[in-house]
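Right, one structure below, let's go through it.
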Amino acid sequence: MGRKEIRIAGFGGQGIVLSGSIVGKAASIYDKGFATLTQSYGPESRGGSCRAEVIISDIPVDYPYVVSPQVQIILSQEA
Numbered sequence: 702m703g704r705k706e707i708r709i710a711g712f713g714g715q716g717i718v719l720s721g722s723i724v725g726k727a728a729s730i731y732d733k734g735f736a737t738l739t740q741s742y743g744p745e746s747r748g749g750s751c752r753a754e755v756i757i758s759d760i761p762v763d764y765p766y767v768v769s770p771q772v773q774i775i776l777s778q779e780a
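Sequential numbering of the sequence shown, starting at 702, is according to this note's numbering.
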């Protein structure tokens with residue numbers, strides 16, 4: 702499987718962080734792999750830019766930040 706990097710971005714309130722969490726949990730439970738989730742968002746609870754980055758690997762993840770994502774899901778122009 703190797704290392705897969707996924708970036709999901711959009712506005713707060715669109716379920717960005719929840720989507721990243723679901724992807725990471727599904728990969729670690731059903732693929733028996735390792736996953737890490739890094740999230741960033743602004744001070745606004747809704748409407749601000751938001752980003753979730755998921756790394757899925759078959760070995761433990763030593764650097765939890767996405768460098769060059771293989772998959773990007775962008776839900777807004779500003780994100």
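Yeah, the Cβ is synthetic: ideal placement off N, Cα and C, and Gly gets one too. Please read all numbers here as calculations on a predicted model, not as lab measurements.
Best match in the options for proximity to residue i [C-alpha to C-alpha]
| i | options | result |
| --- | --- | --- |
| glutamate 706 | Gly721, Pro744, Val755 and Arg747 | Val755 |
| serine 758 | Ile730, Ser741 and Leu776 | Ile730 |
| valine 762 | Ala710, Ile717, Phe712 and Thr739 | Thr739 |
| glycine 734 | Leu719, Ile775, Gly703 and Gly743 | Gly703 |
Cβ of residue i within 9 angstroms of any chain D Cβ
| i | result |
| --- | --- |
| valine 768 | Protein chain content of the structure displayed is limited to a single chain, and chain D is not contained in it. |
Continuous beta strand (DSSP E) stretch holding residue i: start and end
| i | result |
| --- | --- |
| alanine 705 | For the sequence presented, residue 705 should be read as lysine rather than alanine. Here the beta strand (DSSP E) through lysine 705 covers 704-712. |
| isoleucine 775 | 772-775 |
Residue i, buried or exposed, once every other Cβ within 10 Å from all chains shown has been counted against 16
| i | result |
| --- | --- |
| alanine 727 | exposed |
| valine 724 | buried |
| isoleucine 760 | exposed |
| glycine 714 | exposed |
**Study point:** Within the stretch 707-769, ranges of the alpha helix (DSSP H) (whole runs, at least 4 residues)
**Key:** Considered as a whole, the stretch 707-769 harbours 717-731 as its complete alpha helix (DSSP H) runs of no fewer than 4 residues, in chain order.
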